[in-house]
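FYI, the numbering for the sequence shown is 14 to 223, going by the numbering used here. C-beta: ideal position from N, C-alpha, C; glycine also. This structure is a prediction, so every number in the text was calculated from the model and none was measured. What follows is a single structure, written as structure tokens, with notes after it.
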Amino acid sequence: LLDKKPRERWLMAAWLAVNAGQLAYPLHVHSSERPDFLLSAPGLAMGVECMEVVPEELKRLQTELRDINSGWVRPLLAPGEHDWDWSNPMLQRLLAPRGGRPGYDGEDPQGLWLAVMRWAVAKKRDVIGRDGFARRPHNVLLLHDNWPLPALPCAPLAQGQPWQQWRQLVQQLQQLLLADDTFADWQQVAIVQADWVWEIGRAGVTCRQR
């Protein structure tokens, strides 16, 4: 999982595993670029693009900035280091003064999660619109939600209030994406978490246990 392509394969395998019963066979999965994978089967032509929502570089930055309370700090990059995308709401939050903008402070992890996911989808909408991207009749965006926020509850599928809170949060995201007309480009946005996969489309939200 140290290189980009193996991480994409892992993400693709997680999505394929939970959708095995819904796919047509024989199924061929081709590693590609723009999108990352092409799926072909009888009656099926699908493109799948992958994104790690929180890059490893950003996780390391969180540790470095844990005790910094300044809105102007920018880490100096050594030659060859990753140049961060400063538009990421998570990065903006890490660099913001404590008690910063509403919706980005430690008391609103749900708001931050929604902002990060919406930001990730917007970036990939830009990608799918570029020349050379091979659109398919059905296009899926896979997001690896690899930074679970500690204040957001996690629980086994469909067990009580914590799971219901997660479902309501994902439904909020679906409404935001619907308002953005996201599904004109990505017919499905799938968020892969540790225990389940949320699949979001124009018609609503589906949750599948991993």
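Starting from Val61, trace the beta strand (DSSP E) both ways and give me its first and last residue.
Leu57 to Glu65
I need the boundaries of the beta strand (DSSP E) containing Trp211, first residue and last residue.
Trp209 to Gly214
With DSSP as the reference, identify every bridge partner of Ala203, one or two as the case may be.
Leu155 and Glu212
Residues in its own chain within less than 6 Å of His43 by CB, not counting five upstream and five downstream?
Leu51
Which of the three DSSP states, helix, strand or coil, is assigned to Arg221?
strand
Beta strand (DSSP E) segment containing Ala54, residue limits
Phe50 to Ala54
Are at least three pairs of beta-carbons, each pair with one atom in the stretch 129-143 and one in the stretch 188-197, less than 8 Å apart?
yes
To which residues of the same chain is Met64 closer than 8 Å at the C-beta, ignoring the five residues directly before and after it?
Ala133, Lys136, Lys137, Leu154, Leu155, Leu156 and His157
Is it right to say Ala207 is buried, meaning 16 or more other beta carbons lie within 10 angstroms of its own, or is it exposed?
exposed
Given a cut-off of 8 Å on the beta-carbon distance, is the pair Gln184 and Val205 in contact?
no
Output the boundary residues of the alpha helix (DSSP H) element that contains Arg47.
Looking at the DSSP string, Arg47 is not in any alpha helix (DSSP H), and its letter there is neither H nor E.
Out of Gln222, Arg149, Gln188 and Arg180, which one is the CA nearest neighbour of Arg199?
The sequence given here places Trp at residue 199; Arg does not occur at that position. Checked all of Gln222, Arg149, Gln188 and Arg180; the closest Cα to Trp199 is Arg149.
In terms of residue numbering, what span does the alpha helix (DSSP H) encompassing Ala135 cover?
Pro122 to Ile141
If you check the beta carbons only, do Trp209 and Arg223 fall under 8 Å apart?
yes
According to the Cβ coordinates, are Val31 and Asp49 closer than 8 Å?
no
Buried or exposed, going by whether 16 or more other CB atoms sit within 10 Å of the CB of Gln174?
exposed
Using only the alpha-carbon positions, how far apart do Met130 and His41 sit?
29 Å
Locate the alpha helix (DSSP H) running through Pro19, then write down its first and last residues.
Lys17 to Val31
What do you reckon, are the CB atoms on Leu57 and Ala37 nearer than 8 Å?
yes
Contacts around His21, its chain only, beta-carbon distance under 6 Å, and the 5 residues preceding and following it disregarded
Looking at the sequence itself, residue 21 is Glu, so the reference to His does not match. Asp49 and Cys63, listed in sequence order.
Looking at Arg149 and the ligand MN, is the gap between the Cβ and the nearest heavy atom below 7 Å?
What this structure holds is no ligand at all, so the ligand MN is not there to describe.
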